[in-house]
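Numbering (the numbering used here), first residue to last: 299 to 628.
Ideal placement from N, C-alpha and C gives every residue a C-beta, glycine not left out.
Remember, predicted model here, so these are calculated numbers, not experimental data.
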């Protein structure tokens, strides 16, 4: 073992219960994903409530986004790495086994966005303000989720002699490398990049007047800039297009889309500034929502008439008293 290296994990799962012939365990990868989701939700809720939403609405949208996001992430992974599940000697049922990892970020963001849109429509709020509230927390979640790749000993980079190189055990080490070979810990690079990106987003939000959707567009730009160079360090099998990994091309296209979105969103705001509002329409007052106030309104109107009549009577009496006093003074 090299003292300056990142050691290979001793275990990839936490054994909760074990007896002869039966054991119950949970993958550290799954724990990392769940912790990331919880923290992302906590950050998003705090930010979204400040914008004018409610906690109930935030939770409702988050449930839609998380469910769709997990499905989308898995679909993207299976589609881009189908050879792992289909073909001679492969078990297609492993498609439904998430314990060993296999969630593609772009599928998660794309289908998660569809889920968030459904949640927003059902709750009468706009999607873009929610996306802006989500952006920093999403990067934090990705940073935590990447730690799961460490425990699975997957998605690491090429060989390196750097002191923070990653040790990989024999079961996961690519063929042709000696036992003491270190590899780039790309999971750590991306994790640190995402944490730094979250800080950048918060600074951008504080420094500039961003319109609805621009912070999420900035998230797309920040993340893809890191993903392009980190992806090129990886040596796991991948589909190549014109000599570049498929995920690199995907990141470049999404990066371009994020830049275009920054401009389009600003122009759209200049045409309609209401796009910044959280709610699609004015929120009803909670104390009157769903309550028949017609009787109260009638009573209030009657009271107003009575007061008006009394004021008129008092005015007439005052005039008569003034006239009488004038005659007596003569």
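Can you tell which of the options has the C-alpha that lies nearest to the C-alpha of residue i?
{"i": "residue 467", "options": "461, 505, 451 and 455", "result": "451"}
{"i": "residue 554", "options": "566, 519, 524 and 542", "result": "519"}
{"i": "residue 417", "options": "323, 368, 361 and 538", "result": "361"}
{"i": "residue 306", "options": "433, 489 and 471", "result": "471"}
{"i": "residue 494", "options": "421, 434 and 453", "result": "434"}
{"i": "residue 473", "options": "429, 487 and 456", "result": "456"}
{"i": "residue 489", "options": "571, 437 and 500", "result": "437"}
{"i": "residue 395", "options": "459, 359, 431 and 328", "result": "328"}
{"i": "residue 562", "options": "516, 476 and 399", "result": "516"}
{"i": "residue 642", "options": "386, 388, 350 and 399", "result": "Residue numbering for the chain in the displayed model covers 299 to 628; residue 642 lies beyond these limits and cannot be assessed."}
{"i": "residue 486", "options": "402, 501, 560 and 462", "result": "462"}
{"i": "residue 577", "options": "364, 351 and 320", "result": "351"}
{"i": "residue 363", "options": "496, 497 and 432", "result": "432"}
{"i": "residue 368", "options": "402, 341, 338 and 415", "result": "402"}
{"i": "residue 407", "options": "454, 560, 464 and 514", "result": "514"}
Tell me which residues share the same chain as residue i and place their Cβ nearer than 6 Å to its Cβ, disregarding the 5 neighbours each side in the sequence.
{"i": "residue 366", "result": "409, 410, 412 and 413"}
{"i": "residue 318", "result": "none"}
{"i": "residue 617", "result": "Its pLDDT being 46, under 50, residue 617 is placed unreliably in this model, and the value from its coordinates should be taken loosely. Excluding sequence neighbours, residue 617 sits near nothing in its chain."}
{"i": "residue 322", "result": "314 and 315"}
{"i": "residue 584", "result": "Confidence at residue 584 is low in this model, with a pLDDT of 42, below 50, so the placement of that residue is unreliable and no value is reported for it."}
{"i": "residue 309", "result": "none"}
{"i": "residue 293", "result": "Residue 293 lies beyond the stretch modelled for the chain, which goes from 299 to 628, so this question has no answer here."}
{"i": "residue 405", "result": "370, 371, 373 and 374"}
{"i": "residue 339", "result": "360"}
{"i": "residue 458", "result": "480 and 482"}
{"i": "residue 556", "result": "515, 518 and 519"}
Within the same chain, show all residues whose beta-carbon is closer than 8 Å to that of residue i, passing over the 5 residues directly before and after it, in chain order.
{"i": "residue 564", "result": "509 and 512"}
{"i": "residue 353", "result": "343 and 347"}
{"i": "residue 544", "result": "378, 536, 537 and 538"}
{"i": "residue 550", "result": "522 and 526"}
{"i": "residue 477", "result": "468 and 471"}
{"i": "residue 460", "result": "480 and 482"}
{"i": "residue 592", "result": "Note that residue 592 scores 45 on pLDDT, short of 50, meaning its location in the model is unreliable; the coordinates nonetheless yield the value given after this. Excluding positions up to five away in sequence, the list is empty."}
Is residue i near the ligand FMN, judged by its Cβ being under 7 Å from some heavy atom?
{"i": "residue 517", "result": "Among the ligands in the structure shown, none appear at all, so the ligand FMN cannot be discussed."}
Near residue i, what residues of its chain come up, given a Cβ to Cβ distance below 7 Å and the 5 sequence neighbours on each side ignored?
{"i": "residue 620", "result": "Here the model assigns residue 620 a pLDDT of 46, short of 50, so the residue's position is not dependable, and the following value carries that caveat. Nothing listed; no residue qualifies."}
{"i": "residue 355", "result": "421 and 423"}
What whole-angstrom Cβ distance do residue i and residue j have, given they're in contact under 8 Å?
{"i": "residue 491", "j": "residue 524", "result": "4 Å"}
{"i": "residue 380", "j": "residue 392", "result": "Actually they are not in contact, since the Cβ atoms of residue 380 and residue 392 sit about 12 Å apart, beyond 8 Å."}
Legend entry - the stretch 420-429 in contact with the stretch 499-515 per 3-pair CB rule at 8 Å: Enough Cβ pairs lie closer than 8 Å, so yes.
Legend entry - Any alpha helix (DSSP H) of 4 or more consecutive residues that is wholly inside the stretch 483-517: The qualifying runs are 484-505.
Legend entry - Three CB pairs or more closer than 8 Å across the stretch 479-486 and the stretch 528-537: Yes: the two stretches touch, three or more of their Cβ pairs being nearer than 8 Å.
Inset, instruction - Taking 8 Å as the threshold, find out whether the stretch 331-343 comes into contact with the stretch 440-447 through three or more Cβ pairs. - result: Contact holds: three or more Cβ-Cβ distances are below 8 Å.
Legend entry - Unbroken stretches of the alpha helix (DSSP H), 4 residues or longer, contained in the stretch 346-387: If we require 4 residues or more, the alpha helix (DSSP H) runs fully inside the stretch 346-387 come out as 353-378.
Inset, instruction - Mind listing, in chain order, the continuous alpha helix (DSSP H) runs of no fewer than 4 residues lying wholly within the stretch 379-454? - result: Entirely contained in the stretch 379-454, the alpha helix (DSSP H) runs reaching 4 residues are, in chain order, 403-421 and 425-450.
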